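In the working numbering, each residue's number is its place in the sequence shown (first place is 1) plus 13. Idealized CB from N, CA, C, for every residue including glycine. This structure is a prediction, so every number in the text was calculated from the model and none was measured. Some notes on the structure that comes next.
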Amino acid sequence: MSQYRIQNQIAVYKTNKKLVEFNDKLKAAPVEYYGHIHAQGEKLNDGSRPRSCIGMILQDYSKGTGENTIRVMANLSPEFFTYALSRVKIGVEQFEFSEEKIFGEPDVKGLSFVTKVSIKRASVDKDGRPRNYPWCIMVENGRGAKESTQTGGIHMKKGSYVKGNMVFVNINDYDFFCLMVKTCRFIETWELTNGPKQIREARQIMAQEQAAQANS
Numbered sequence: 014m015s016q017y018r019i020q021n022q023i024a025v026y027k028t029n030k031k032l033v034e035f036n037d038k039l040k041a042a043p044v045e046y047y048g049h050i051h052a053q054g055e056k057l058n059d060g061s062r063p064r065s066c067i068g069m070i071l072q073d074y075s076k077g078t079g080e081n082t083i084r085v086m087a088n089l090s091p092e093f094f095t096y097a098l099s100r101v102k103i104g105v106e107q108f109e110f111s112e113e114k115i116f117g118e119p120d121v122k123g124l125s126f127v128t129k130v131s132i133k134r135a136s137v138d139k140d141g142r143p144r145n146y147p148w149c150i151m152v153e154n155g156r157g158a159k160e161s162t163q164t165g166g167i168h169m170k171k172g173s174y175v176k177g178n179m180v181f182v183n184i185n186d187y188d189f190f191c192l193m194v195k196t197c198r199f200i201e202t203w204e205l206t207n208g209p210k211q212i213r214e215a216r217q218i219m220a221q222e223q224a225a226q227a228n229s
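What follows is the structure, encoded as structure tokens:
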């Protein structure tokens, strides 16, 4: 009996030295919030707060493979890809997106996992010359201390960050477009697969509750 390993890879760009990969980490919203389609951190019965996202992995082989490979990861919201693709389609000269997240349980030093993401487009270099690879995706991983905000959120405590690995990948316009369109196409397909089921289930529950109230 042959064995197949299901891959969650959506899109990948690679050279002989660098790689950027987008993976499926999408999760459906609980039926109580069916209109969200994607899980947005709603609290479940087990206390967890899952979020629907696209996983991003960057790898740097410039110093060798195996143990010498530098690997970093981060998560992006499904909406980022729709936004980025819309900017690509209108031919923006400049693009800049940055995001910092801290999550996971603290380690023995009280530090949690941190991801820093930067995605930029610059059509010319510092000397004004056109860039053949105008897009730059950068991900940095590290550790930091969680701190509660006044609004009840969580952010990283100032001065607590410990830098880890960092990888950047330069990409031309066509290849960046391909990454965005492939990922958007998958997200749309996932929504069309999971959304109708959520809506039907939620509406059935609402109809049952309304019928029960009417008969009580």
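Local conformation of residue i per DSSP, three classes
| i | result |
| --- | --- |
| LYS133 | strand |
| GLU118 | coil |
| VAL175 | strand |
| VAL105 | coil |
| GLU55 | coil |
| ASN183 | strand |
| TYR47 | helix |
| ASN21 | coil |
| ASN88 | strand |
Cα-Cα separation, residue i to residue j
| i | j | result |
| --- | --- | --- |
| ARG102 | VAL194 | Per the sequence shown, the amino acid found at residue 102 is Lys instead of Arg. The alpha-carbon atoms of LYS102 and VAL194 are separated by roughly 10 Å. |
| ILE150 | ALA52 | 25 Å |
| SER111 | GLU153 | 11 Å |
| ILE50 | GLU118 | 27 Å |
| GLU92 | GLN22 | 18 Å |
| GLN107 | ARG100 | 9 Å |
| ILE83 | ALA215 | 45 Å |
| SER131 | ILE70 | 13 Å |
| GLY48 | ASN81 | 45 Å |
| SER125 | ILE115 | 6 Å |
| ASN36 | SER229 | 49 Å |
| GLY104 | ARG198 | 20 Å |
| GLU160 | GLU113 | 14 Å |
| ILE212 | LEU89 | 25 Å |
| ASP120 | TYR174 | 14 Å |
| ALA225 | ALA41 | 27 Å |
| LYS56 | SER65 | 13 Å |
| LYS122 | LYS170 | 14 Å |
| LEU39 | ALA135 | 30 Å |
| GLY68 | ALA227 | 46 Å |
| LEU192 | LYS133 | 14 Å |
Residue interval of the alpha helix (DSSP H) (run including residue i)
| i | result |
| --- | --- |
| VAL194 | 186-228 |
| SER99 | 91-102 |
Where the beta strand (DSSP E) containing residue i begins and where it ends
| i | result |
| --- | --- |
| LEU71 | 66-73 |
| ARG156 | 148-157 |
| ASP37 | 31-38 |
| ILE167 | 167-169 |
Stretch-stretch touch, CB-based, cutoff 8 Å, three pairs: the segment 27-45 with the segment 72-82 | yes
Three CB pairs or more closer than 8 Å across the segment 173-192 and the segment 140-158 | Between the segment 173-192 and the segment 140-158, the count of Cβ pairs shorter than 8 Å is three or higher; the stretches touch.
Contact between the segment 191-208 and the segment 151-170: three or more CB pairs below 8 Å?
-> no
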